[in-house]
DNA sequence: TATTGTTATACTCTATAACTATA
DNA sequence: TATAGTTATAGAGTATAACAATA
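Structure, rendered in structure tokens:
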């Protein structure tokens with residue numbers, strides 16, 4: 075025999091709460107919601123650093139690939155070349171990164187971090203490490219590594 | 075002793091390819107790239123149906139929560155009320171969903187699918203099932219279920 | 001006085017065409 | 001003729017303030 079609690083929760087499910095059971099079985103939807111949550115968390119943590127995810131990833135990519143061409147960095151990050159111009163303008167205006175006309179091919183810019191850019195990136199990496207730690211606390215390190223691996227396999231879809 | 079191939083690939087790694095090893099250790103970045111890949115895949119599969127992810131999720135949510143208020147559906151999907159108006163205008167203009175002034179509270183709209191909306195959603199669910207199948211083929215069903223679970227835990231960050 | 005749906009608006013992100021300077 | 005960086009621009013998505021109708 076069914077308890078009153080069960081009957082009540084059934085009524086609640088069908089009358090009070092807006093259910094999204096179907097959408098929550100779809101990887102694309104759940105992935106989108108998780109991504110938005112992580113971006114909001116990122117925004118909170120990076121408030122004082124004044125860096126967007128795109129700006130942060132650009133600094134990281136430049137440090138890991140010093141002297142590489144502007145187009146190559148943009149392409150690696152999946153940013154359209156035209157849209158990357160304003161982003162670099164901003165980083166350069168703030169003295170975080172610089173464009174140097176390449177001697178070999180004077181059409182291209184070799185990108186590099188400034189000392190200030192390196193210093194800010196140091197603080198940004200620390201803030202990012204805190205997000206990773208929060209994720210680790212929530213799902214555990216093995217699951218965090220597994221998640222990264224699974225998502226990378228999914229990216230080739 | 076190192077082979078020529080190993081030496082060559084090392085040179086390539088440090089000189090030819092733009093590396094993103096650091097970013098690829100960050101959950102937020104990998105998640106973002108996977109999300110974009112899935113949205114592109116969605117766009118390909120839904121080309122003929124002319125439904126964006128937001129429109130698709132709206133149809134699904136209305137079917138699962140018939141007669142619910144417009145604001146409740148929007149809130150459940152994480153869409154701002156003002157932005158939901160144009161989305162519903164579009165679905166209504168195409169005869170897929172309808173707004174009915176509620177008798178109980180005449181400020182609110184009760185949303186429902188039309189027959190055409192139900193029929194289109196049928197086809198859309200089939201297209202979506204194909205994406206899930208593609209994901210399943212790529213990472214396996216246990217990992218797909220585990221991914222959904224992990225992402226949902228991450229969403230509460 | 002508060003809430004639902006709506007309008008207006010602004011801001012960010014993203015995509016494409018076309019220019020310039022170099023090659 | 002092609003490429004790197006740039007400009008201009010348009011479209012989508014998203015966020016906030018304020019209004020009319022209703023509670």
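Residue numbers (the working numbering), protein chains in the order written: chain A, 75 to 231; chain B, 75 to 231. Even glycine gets a Cβ: it sits at the ideal position worked out from N, Cα and C. Bear in mind the structure is a predicted one, so any value in this text is a computation, not a measurement.
Other residues of its chain near residue i: CB distance less than 6 Å, five sequence neighbours each side excluded
i, result
"residue 162/B", "none"
"residue 213/B", "none"
"residue 184/B", "141, 174, 176"
"residue 203/A", "none"
Coarse secondary structure for residue i, derived from DSSP in three states
i, result
"residue 181/B", "coil"
"residue 125/B", "coil"
"residue 221/B", "helix"
"residue 187/B", "strand"
"residue 132/B", "helix"
"residue 192/B", "helix"
"residue 90/B", "helix"
"residue 96/A", "coil"
Distance between residue j and residue i (C-alpha atoms, nearest Å)
i, j, result
"residue 231/B", "residue 199/A", "19 Å"
"residue 143/A", "residue 188/A", "16 Å"
"residue 210/B", "residue 180/A", "48 Å"
"residue 113/B", "residue 127/B", "8 Å"
"residue 138/A", "residue 156/A", "22 Å"
"residue 109/A", "residue 229/A", "14 Å"
"residue 117/A", "residue 129/A", "12 Å"
"residue 197/A", "residue 119/A", "11 Å"
"residue 145/A", "residue 102/A", "30 Å"
Element boundaries [beta strand (DSSP E), containing residue i]
i, result
"residue 142/B", "Note, residue 142/B: premise wrong, no beta strand (DSSP E); not H, not E."
Span of the alpha helix (DSSP H), counted from its first residue to its last, around residue i
i, result
"residue 174/B", "No alpha helix (DSSP H) contains residue 174/B, which is instead part of the beta strand (DSSP E) from 171–175."
"residue 245/A", "In the structure as shown, chain A begins at 75 and stops at 231. Residue 245/A is therefore absent and cannot be evaluated."
"residue 214/A", "Run containing residue 214/A: none; DSSP gives neither H nor E here."
"residue 166/A", "155–167"
Same chain, Cβ closer than 7 Å to residue i, five either side skipped, listed in chain order
i, result
"residue 135/B", "147, 150, 151"
"residue 20/A", "Residue 20/A lies beyond the residue range present for chain A, which begins at 75 and ends at 231; the question has no answer from this structure."
Residues near residue i by beta carbon distance below 8 Å, same chain, minus five either side
i, result
"residue 194/B", "123, 125, 133, 170"
"residue 235/B", "Shown here, chain B extends from 75 to 231; a query on residue 235/B therefore has no answer."
"residue 205/B", "112, 115, 116, 119"
"residue 164/A", "129"
"residue 154/A", "148"
Residue i CB to nearest heavy atom of the ligand SAM below 7 Å
i, result
"residue 112/A", "With respect to small molecules bound, the structure shown includes none, and the ligand SAM cannot be examined in it."
- Message: Counting beta carbon pairs with one atom in the region 211–224 of chain B and one in the region 212–225 of chain A, are three or more of them shorter than 8 Å?
- Response: yes
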